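*Asks:* With the numbering used here applied, the sequence shown corresponds to residues 13 to 399, in that order. In this text, a Cβ means the ideal position worked out from N, Cα and C, and glycines have one as well. Quick caveat, the model's predicted, so the values are computed rather than measured.
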Amino acid sequence: MAKKKLQKALQHDTPVLPRDILLFSIFVRLPVQSLLRFQSVSKSWKVMIYNKEFIKAHRDHTKAMGGKKLLMRSIYTHNFVFRDLDNHQVLVTLDEKQLFPNESFQAADIICSCDGLVLLKNFTNYKNYAVWNPPTREYRRLKCSELKSREQPPNACGLCYDSTMADYKIILIFKSFYVVYCMSSGSWTRRTSPPYLVQGPTTLWCVEGTNTEDCLYWSMNKTIKNSVDRDSTIVYFDVSLDEVKELSIPNLDFMGEDEVFHLASVKDRLSVFGGRETSTEMYVWIMEQDGWKRLMKICNMPNICRWFVPCSKLLYNNTTNDDEVFVFQGHIDGFIIYFTRRQQFFAINPFLNAYISTSICLDTLYFWNPTLKGPTRKRSRSKLLLK
């Protein structure tokens, strides 16, 4: 393939790169909107852009460069709004709006995401879902065939990437069983939950798994959730085996009896943030190969841990201008940014609180659909409004 030819050429110090290899190395650095325009230039360009190897290389490059956007749904208009995360100032400026192509999902909730794919749930029917790639405007409607008519909604969910198969999978966790959907095969599989995953009453909302490389994590303590204490059990979805397992070495002894923590992903590693319930300071811990390590201290919180930690989600963290930035969304404090070097929290424009159901969206071409082959793939027509 083109990428292998490029690597071979570089290994042999070839002075002039063939045209298709040069195009591959240029195109892989372009945003999705540019690639969608270029596919109409020639058939060979279209074949290259929709080649699976190119799509994976483009995803890896975009992920390495941090090309992420914040995706939110408006309470009032049902528009999905995108905001740039590379520069925190852009968070308060409108980028673009997009209505979901299918009317039955225009008021749907964003329940989880992975890379460029977003999982939406129809709020009137928990059996109906849609997987959507906002940059390409492609989507696939899903109906879980493994659910019986009277079964309760799922307690937890997740969308993750399986690097062993170069595929994406969806997991929905119910009271005593879970189902897994494989994007490439388009099939559902139902499995009985292990004893440590069997839960009590159905929760009021679907708990999104904390996504790291090839894994999804939740906390178990009678019910499945994202808040953690020293008595919690951390479980994870092993995407290569389609199994939910118990983390063998959680070792949560660093948590005190009066402390509360929340699962997160920092530097693409399983992490927790939290501290003493009455404190306005908290710590970020990260899971290393030999156990939990304290990464940093966060000061001057807008609220005490008891109110901030369980109700807040760490949306994003990155290093910009020699300062590490953390973006949180909370039910009480709304959208806030923490700057590590200045040790200060800043509230983002309150206008953003008119948006709910948020997620992080990567600018990628990924969308596996076995019935639509690359060069002949059609995009769904959706209403796109630019600022």
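Would you call the region 273-284 and the region 297-306 touching, i.e. three or more CB-CB distances under 8 Å?
*Replies:* The region 273-284, when compared against the region 297-306, does touch it at the 8 Å Cβ threshold.
*Asks:* Should K375 be labelled buried (16 or more other beta-carbon atoms within 10 Å of its own) or exposed?
*Replies:* As a working mapping, residue 375 is identified with position 363 in the sequence shown. Before going further, note that residue 375 is Asp rather than Lys in the sequence given. Buried is the call here.
*Asks:* From what residue to what residue does the beta strand (DSSP E) around Y71 run?
*Replies:* As a position in the sequence shown, residue 71 is number 59, starting the count at 1. Inspection of the sequence shows that residue 71 is occupied by Arg rather than by Tyr. It is not in any beta strand (DSSP E) - R71 instead sits in the alpha helix (DSSP H) that spans K64 to M77.
*Asks:* Y138 by DSSP, collapsed to three states: which one?
*Replies:* Residue mapping note: residue 138 aligns to position 126 of the sequence shown, counting from 1. DSSP places Y138 in coil when its eight states are reduced to three.
*Asks:* Given 8 Å as the limit, is there contact between the region 302-317 and the region 252-270, that is, 3 or more CB pairs closer than that?
*Replies:* Enough Cβ pairs lie closer than 8 Å, so yes.
*Asks:* Determine the contact status of N140 and K155, defining contact as a CB-CB distance below 8 Å.
*Replies:* The residue given as residue 140 occupies position 128 in the sequence shown. The residue given as residue 155 occupies position 143 in the sequence shown. Going by C-beta atoms, N140 is nearer than 8 Å to K155.
*Asks:* By DSSP, does Y88 sit in helix, in strand, or in coil?
*Replies:* The sequence position of residue 88 within the sequence shown is 76, counting from 1. Looking at Y88 - three-state DSSP - the assignment turns out to be coil, as it is neither helix nor strand.
*Asks:* Should the region 226-236 be regarded as contacting the region 245-262, the criterion being three or more beta carbon pairs within less than 8 Å?
*Replies:* Result yes; three or more Cβ-Cβ pairs closer than 8 Å.
*Asks:* What is the DSSP secondary structure of E300, counted as helix, strand or coil?
*Replies:* Residue numbering aside, residue 300 sits at position 288 when the sequence shown is read from its first letter. Of the three classes helix, strand and coil, the one that applies to E300 here is strand, per DSSP.
*Asks:* Under a three-way DSSP split, which group does K58 fall into?
*Replies:* Residue mapping note: residue 58 aligns to position 46 of the sequence shown, counting from 1. Three-state DSSP puts K58 in a helix.
*Asks:* Go ahead and pull the three-state DSSP assignment for E336.
*Replies:* For this step, residue 336 is matched to residue 324 along the sequence shown. Strand.
*Asks:* Taking Cβ to Cβ, would you say I348 is nearer than 8 Å to V337?
*Replies:* Here residue 348 refers to the residue found at position 336 when the sequence shown is read from its first residue. Here residue 337 refers to the residue found at position 325 when the sequence shown is read from its first residue. Not in contact: I348 and V337 (Cβ atoms no closer than 8 Å).
*Asks:* Give me whichever residues DSSP pairs with C194 in a beta bridge.
*Replies:* Here residue 194 refers to the residue found at position 182 of the sequence shown. In the DSSP output, where bridge partners are listed per residue, C194 has K181 and S199.
*Asks:* Hey, out of T201, A142 and M308, whose CA is closest to C124's CA?
*Replies:* Here residue 124 refers to the residue found at position 112 of the sequence shown. Selected option, being the one with the closest Cα: A142.
*Asks:* For I246, does the three-state DSSP call read helix, strand or coil?
*Replies:* Within the sequence shown, numbered from 1, the residue matching residue 246 stands at position 234. Residue state, collapsed to three classes: strand.
*Asks:* Contact between the region 233-241 and the region 195-212 is defined here as three or more beta-carbon pairs at a separation below 8 Å; is this criterion met?
*Replies:* Output reads yes: the region 195-212 touches the region 233-241.
*Asks:* On the three-state DSSP scale, how would you describe Y208?
*Replies:* Within the sequence shown, residue 208 is the residue found at index 196, counting from 1. It is helical.
*Asks:* So what does DSSP say about I236, is it helix, strand or coil?
*Replies:* The count along the sequence shown starts at 1 and reaches residue 236 at position 224. In this structure, I236 counts as strand in the three-state DSSP scheme.
*Asks:* Out of P43, V59 and F135, point me to the one whose CA is closest to D32's CA.
*Replies:* As a position in the sequence shown, residue 32 is number 20, starting the count at 1. Comparing Cα-Cα distances from D32 to each of P43, V59 and F135, the minimum goes to V59.
*Asks:* Since I believe E289 is in contact with I316 (beta carbons under 8 Å), could you give me their beta-carbon distance rounded to a whole number of angstroms?
*Replies:* For the purposes of this step, residue 316 is taken as residue 304 along the sequence shown, with counting starting at 1. For the purposes of this step, residue 289 is taken as residue 277 along the sequence shown, with counting starting at 1. Yes, they are in contact, since the Cβ atoms of I316 and E289 sit about 7 Å apart, within 8 Å.
*Asks:* Just the Cα atoms here: how many angstroms apart are K257 and M232?
*Replies:* As a working note, residue 257 is residue 245 in the sequence shown. As a working note, residue 232 is residue 220 in the sequence shown. Spanning the two alpha carbons is a distance of roughly 11 Å.
*Asks:* Comparing C-alpha positions only, which one of H274, D72 and K55 sits nearest to P43?
*Replies:* By 1-based counting over the sequence shown, the position of residue 43 is 31. Cα-wise, what sits closest to P43 is D72.
*Asks:* Hey, quick one: how far does the beta strand (DSSP E) through Q356 stretch, first residue to last?
*Replies:* As a working note, residue 356 is residue 344 in the sequence shown. Q356 to A359 is the span of the beta strand (DSSP E), which, as asked, contains Q356.
*Asks:* Shortest alpha-carbon distance to Y88 belongs to which of A120, K64 and S324?
*Replies:* Working through the sequence shown from its first residue, we reach residue 88 at position 76. That would be A120, whose Cα lies nearest to the Cα of Y88.
*Asks:* Measuring only the C-alpha atoms, how far is S244 from N223?
*Replies:* For the purposes of this step, residue 244 is identified with residue 232 of the sequence shown, where counting begins at 1. For the purposes of this step, residue 223 is identified with residue 211 of the sequence shown, where counting begins at 1. So the alpha carbons of these two residues sit roughly 18 Å apart.
*Asks:* From E158 to F186, what does the alpha carbon distance come to, in whole angstroms?
*Replies:* Walking along the sequence shown from the start, residue 158 turns up at place 146. Walking along the sequence shown from the start, residue 186 turns up at place 174. So the two alpha carbons sit approximately 12 Å from each other.
*Asks:* The alpha helix (DSSP H) that contains V44, what's its start and end?
*Replies:* By 1-based counting over the sequence shown, the position of residue 44 is 32. Unbroken alpha helix (DSSP H) run through V44: V44 to F50.
*Asks:* Kindly indicate the opening and closing residues of the alpha helix (DSSP H) around R353.
*Replies:* By 1-based counting over the sequence shown, the position of residue 353 is 341. Here R353 belongs to no alpha helix (DSSP H), and DSSP marks it neither H nor E.
*Asks:* Select from S291, L275 and K55 the residue whose C-alpha is nearest the C-alpha of S324.
*Replies:* Here residue 324 refers to the residue found at position 312 when the sequence shown is read from its first residue. Closest option to S324, Cα to Cα, is L275.
*Asks:* Under a Cβ-count criterion, where at least 16 other Cβ atoms within 10 Å of its own Cβ denotes burial, should Q164 be classed as buried or exposed?
*Replies:* One-based indexing of the sequence shown puts residue 164 at position 152. Counting Cβ neighbours within 10 Å, Q164 comes out exposed, since fewer than 16 surround it.
*Asks:* Taking C-beta to C-beta, are C169 and K181 nearer than 8 Å?
*Replies:* Position 157 of the sequence shown, counted from the start, is the residue given in the question as residue 169. Position 169 of the sequence shown, counted from the start, is the residue given in the question as residue 181. Contact flag unset, no.
*Asks:* What does the Cβ neighbour count give for R149, buried or exposed, with the cut at 16 atoms within 10 Å?
*Replies:* Position 137 of the sequence shown, counting from 1, holds the residue named residue 149. R149 is buried by the Cβ-count criterion.
*Asks:* If I'm right that N114 touches R152 with Cβ under 8 Å, what's the distance once you round it to whole angstroms?
*Replies:* Mapped onto the sequence shown, residue 114 falls at position 102. Mapped onto the sequence shown, residue 152 falls at position 140. Actually they are not in contact, since the Cβ atoms of N114 and R152 sit about 10 Å apart, beyond 8 Å.
*Asks:* Please specify which runs of the beta strand (DSSP E), each continuous and at least 3 residues long, are wholly inside the region 268-295, giving them in chain order.
*Replies:* Complete beta strand (DSSP E) runs here, min 3: 271-278 and 281-288.
*Asks:* Tell me whether the beta-carbon of P322 lies closer than 8 Å to the beta-carbon of F357.
*Replies:* In the sequence shown, counting from the first residue as 1, residue 322 sits at position 310. In the sequence shown, counting from the first residue as 1, residue 357 sits at position 345. No; because the gap between Cβ atoms is not below 8 Å, this pair is not in contact.
*Asks:* In whole angstroms, what is the alpha-carbon distance linking S217 and G128?
*Replies:* Here residue 217 refers to the residue found at position 205 when the sequence shown is read from its first residue. Here residue 128 refers to the residue found at position 116 when the sequence shown is read from its first residue. According to the sequence displayed, residue 217 carries Trp and not Ser. If I take the Cα positions, the gap works out to 23 Å.
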